[in-house]
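J.:
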Amino acid sequence: MATEVRDVVAGQHLDDSDVLSYVPAEPSDVTAPTPSALISTTGLEAFALMARGADERVLRNQGVYLTCAEARRRVAALGRTLTGGEPVRWTRIVHLAVENGLVPVHGSTEVVLPPWQLDLLRAWASGLSLPQYEYEAGLSQMEAKELAQLLCHRLGACSDQHAVLRGHETGNLTVGEPLTVIFHGGEGPA
Numbered sequence: 023m024a025t026e027v028r029d030v031v032a033g034q035h036l037d038d039s040d041v042l043s044y045v046p047a048e049p050s051d052v053t054a055p056t057p058s059a060l061i062s063t064t065g066l067e068a069f070a071l072m073a074r075g076a077d078e079r080v081l082r083n084q085g086v087y088l089t090c091a092e093a094r095r096r097v098a099a100l101g102r103t104l105t106g107g108e109p110v111r112w113t114r115i116v117h118l119a120v121e122n123g124l125v126p127v128h129g130s131t132e133v134v135l136p137p138w139q140l141d142l143l144r145a146w147a148s149g150l151s152l153p154q155y156e157y158e159a160g161l162s163q164m165e166a167k168e169l170a171q172l173l174c175h176r177l178g179a180c181s182d183q184h185a186v187l188r189g190h191e192t193g194n195l196t197v198g199e200p201l202t203v204i205f206h207g208g209e210g211p212a
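Residue numbers (my numbering): 23 to 212.
#1: Assess contact between the segment 197-207 and the segment 149-160, defined as three or more Cβ pairs (one per stretch) separated by less than 8 Å. Is contact present?
#2: Taking one C-beta from the segment 136-146 and one from the segment 177-190 each time, how about it: are there three or more such pairs within less than 8 Å?
#3: Below 8 Å on the Cβ atoms is my guess for residue 97 versus residue 68; work out the distance and round it to an integer in Å.
#4: So residue 133 packs on residue 127, CB below 8 Å; how close in whole Å?
#5: Using a Cβ-Cβ cutoff of less than 8 Å, which residues in the same chain neighbour residue 80 once the five nearest sequence positions on both sides are dropped?
#6: Straight-line CA distance for residue 141 to residue 202?
#7: Please go through the same chain and pick out, in chain order, the residues whose beta-carbon is closer than 6 Å to the beta-carbon of residue 65, but skip the five residues on each side of it.
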């Protein structure tokens, strides 16, 4: 958008010199809408179900979306809304929904996680998949699956998405805190 007026000012032709507009700029109190302002009630319902471990079939079966394909498409759009356009995994969407106050977090008994499990939880919240974490941490597939099972069991979670919500509820993930993933717990396997 141009901030200068060139060639024509109030119907008069000018020479090629630049002429600045003399209209004073109005102070702008307008801010961009927050991501939460852009989310529909259907989106909020999807977030709540996703945080409890729902996949696209559950979203379809619960009547949130008509088809699994629509659920995948709409959830991807919700994720892009929360990130400003970046595509993200469902675990990251749950974390961002919690950070934006779109999913209620009910505090529960604090659960102390061993370093490897806490590292995987942070990886999931930052959007990494289990195979990506496995590769980066140098774990075997069996070790990674066992680590994920131990983490979900300790948090009382049914999936990686639910583990992210439970991580917030148990104080292992906090709003606004950076998700530092070091790809090892420092004390050996879980």
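We put the CB at the ideal spot given by N, CA and C, even for glycine.
T.: Reading off the structure:
#1: yes
#2: yes
#3: 6 Å
#4: Actually they are not in contact, since the Cβ atoms of residue 133 and residue 127 sit about 14 Å apart, beyond 8 Å.
#5: 71
#6: 8 Å
#7: 100
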